[in-house]
């Protein structure tokens, strides 16, 4: 099996494109085949080196490697011109100066359902000659057979007047030359497929192609949780945004694989090795899949909790640019769903208390400070300051005061972090150590 991922570098790699890349990668790895990376940069105005690098960066972060490429489509211009000349010479294509108005007038004369047919001219854009009779059948591996009657198809423009080829021609020739066996892409390309098949059939007739035609599989579109086409309003729209939001690449791979594909059971958490073992085209649904960042967050949290604390610390240090986070990572691991959740939760333990007037007013009023003074005394007298020692000291104080845990823990938490949310209170106190804990309590009491 030879597949290809062929993004256009007109912006960041969006989530739908990332899923397409993943599905192709899983198919190649499952079959022991190859994946070709081709950059379809024929859009002269929007294709930029910066966008190409964004795509490569996104694929590297997702840990999706490729076996050949990246091949720049524009680097193959000479080959495209050569193939175009062969079709022109054989009469499978012709030059036409027909404008959009000419096509409209043709349809007025012959009916809207009749495909446009032009007359060969000395110069102009190049159109592919669609056979007058018959049909092109796309036997889609997901959607099933779809028939495109030739009588309804316009002769498509495949090159500009200057000889530079257009998308559908370049794609077909590149797939042919790369010996691609399976074209797996979004269903928004369904209308392109009969044009590309006709290019390939014409190429076969002039001796450019000797192998089999590719098999096509068009993936269902991605929708948001509301059932509407996925867009920026649904949250992260690109791979880089997912990375910046603190998701793990292995969790993203797992989640994207489940968008439109089923493992055959109810298992949700699947390692990349398991995905490679199980992934086949026949388990892809025809129905639109729903991307829900809330579900991705839940799954990401599962992956975070499965990391060794040392590995979580390594990733948090890379994400935050801070060092020495192993202990803070360990005590935060059960509470965070993304790497980005870590600093709002635990950052105050490392950088000093935040300023939250509402938290102070709620928990460090007169009664709260009285309780905090007793907390200070209990912690100052604790024989040790490891987590069990801290827990013992605070539990004993709770029993002596006869109050609910939050009446003791929340004033302490606000004194230490300035906020009402933090990692576990025993773990937080132990991480700070006796001197820093008592110092922060003293500053909170002194503020009054």
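Numbering (my numbering), first residue to last: 3 to 450. Ideal placement from N, C-alpha and C gives every residue a C-beta, glycine not left out.
CB contact flag (residue i, residue j, <9 Å)
{"i": "residue 76", "j": "residue 104", "result": "no"}
{"i": "residue 8", "j": "residue 28", "result": "no"}
{"i": "residue 30", "j": "residue 3", "result": "yes"}
{"i": "residue 119", "j": "residue 132", "result": "yes"}
{"i": "residue 446", "j": "residue 366", "result": "yes"}
{"i": "residue 200", "j": "residue 216", "result": "no"}
{"i": "residue 208", "j": "residue 88", "result": "yes"}
{"i": "residue 163", "j": "residue 127", "result": "yes"}
{"i": "residue 251", "j": "residue 63", "result": "yes"}
{"i": "residue 443", "j": "residue 377", "result": "yes"}
{"i": "residue 440", "j": "residue 255", "result": "no"}
{"i": "residue 86", "j": "residue 100", "result": "no"}
{"i": "residue 374", "j": "residue 413", "result": "yes"}
{"i": "residue 270", "j": "residue 301", "result": "yes"}
{"i": "residue 165", "j": "residue 83", "result": "yes"}
{"i": "residue 137", "j": "residue 150", "result": "yes"}
{"i": "residue 425", "j": "residue 347", "result": "yes"}
Nearest neighbour of residue i, chosen from the options [CA to CA]
{"i": "residue 224", "options": "10, 431, 19 and 14", "result": "19"}
{"i": "residue 433", "options": "391, 134 and 190", "result": "391"}
{"i": "residue 350", "options": "365, 340, 334 and 147", "result": "334"}
{"i": "residue 289", "options": "221, 388, 92 and 281", "result": "221"}
{"i": "residue 113", "options": "80, 153 and 135", "result": "153"}
{"i": "residue 123", "options": "144, 407 and 93", "result": "93"}
{"i": "residue 231", "options": "405, 5, 11 and 17", "result": "17"}
{"i": "residue 81", "options": "108, 167, 136 and 190", "result": "167"}
{"i": "residue 60", "options": "26, 34 and 14", "result": "14"}
{"i": "residue 268", "options": "188, 260 and 274", "result": "260"}
{"i": "residue 336", "options": "281, 394 and 314", "result": "314"}
{"i": "residue 435", "options": "400, 388 and 409", "result": "388"}
{"i": "residue 183", "options": "394, 439 and 33", "result": "33"}
{"i": "residue 287", "options": "386, 266 and 338", "result": "266"}
{"i": "residue 369", "options": "385, 403, 271 and 386", "result": "403"}
{"i": "residue 218", "options": "48, 422, 284 and 49", "result": "284"}
{"i": "residue 352", "options": "339, 325, 340 and 371", "result": "325"}
{"i": "residue 448", "options": "426, 186, 372 and 410", "result": "372"}
{"i": "residue 190", "options": "228, 178 and 145", "result": "145"}
{"i": "residue 418", "options": "438, 141 and 406", "result": "438"}
{"i": "residue 130", "options": "117, 142 and 141", "result": "117"}
Reduced DSSP category for residue i - H, G, I as helix; E, B as strand; rest coil
{"i": "residue 114", "result": "coil"}
{"i": "residue 365", "result": "helix"}
{"i": "residue 142", "result": "strand"}
{"i": "residue 306", "result": "helix"}
{"i": "residue 211", "result": "coil"}
{"i": "residue 293", "result": "coil"}
{"i": "residue 9", "result": "coil"}
{"i": "residue 149", "result": "strand"}
{"i": "residue 71", "result": "strand"}
{"i": "residue 127", "result": "strand"}
{"i": "residue 338", "result": "coil"}
{"i": "residue 231", "result": "strand"}
{"i": "residue 178", "result": "helix"}
{"i": "residue 416", "result": "helix"}
{"i": "residue 193", "result": "helix"}
{"i": "residue 36", "result": "strand"}
{"i": "residue 378", "result": "helix"}
{"i": "residue 316", "result": "helix"}
{"i": "residue 31", "result": "helix"}
{"i": "residue 223", "result": "coil"}
{"i": "residue 4", "result": "strand"}
Cβ neighbours of residue i in the same chain (closer than 8 Å, five flanking residues each side left out)
{"i": "residue 345", "result": "322"}
{"i": "residue 312", "result": "328"}
{"i": "residue 170", "result": "158, 160, 194, 197, 198 and 201"}
{"i": "residue 36", "result": "3, 4, 5, 30, 69 and 70"}
Nonlocal neighbours in the same chain, by C-beta distance under 7 Å from residue i, ignoring five residues either side
{"i": "residue 362", "result": "416"}
{"i": "residue 420", "result": "350, 355, 356, 357, 358 and 361"}
{"i": "residue 278", "result": "28, 31 and 32"}
Identified DSSP bridge partners for residue i
{"i": "residue 263", "result": "286"}
{"i": "residue 324", "result": "Bridge partners of residue 324: none, in fact."}
{"i": "residue 98", "result": "127"}
{"i": "residue 218", "result": "185"}
{"i": "residue 137", "result": "151"}
{"i": "residue 16", "result": "240"}
{"i": "residue 394", "result": "According to DSSP, residue 394 bridges with nothing at all."}
{"i": "residue 167", "result": "161"}
{"i": "residue 46", "result": "Residue 46 is not bridged to any residue."}
{"i": "residue 278", "result": "DSSP output for residue 278 lists no bridge partner at all."}
{"i": "residue 41", "result": "74"}
Cutoff 6 Å; reference residue i; Cβ partners in own chain excluding five residues on either side
{"i": "residue 192", "result": "220"}
{"i": "residue 41", "result": "11, 54, 72 and 74"}
{"i": "residue 174", "result": "198, 201 and 202"}
Residue-chain proximity (residue i, chain B), Cβ-Cβ < 9 Å
{"i": "residue 302", "result": "The chain inventory of the structure shown lacks chain B, comprising one protein chain alone."}
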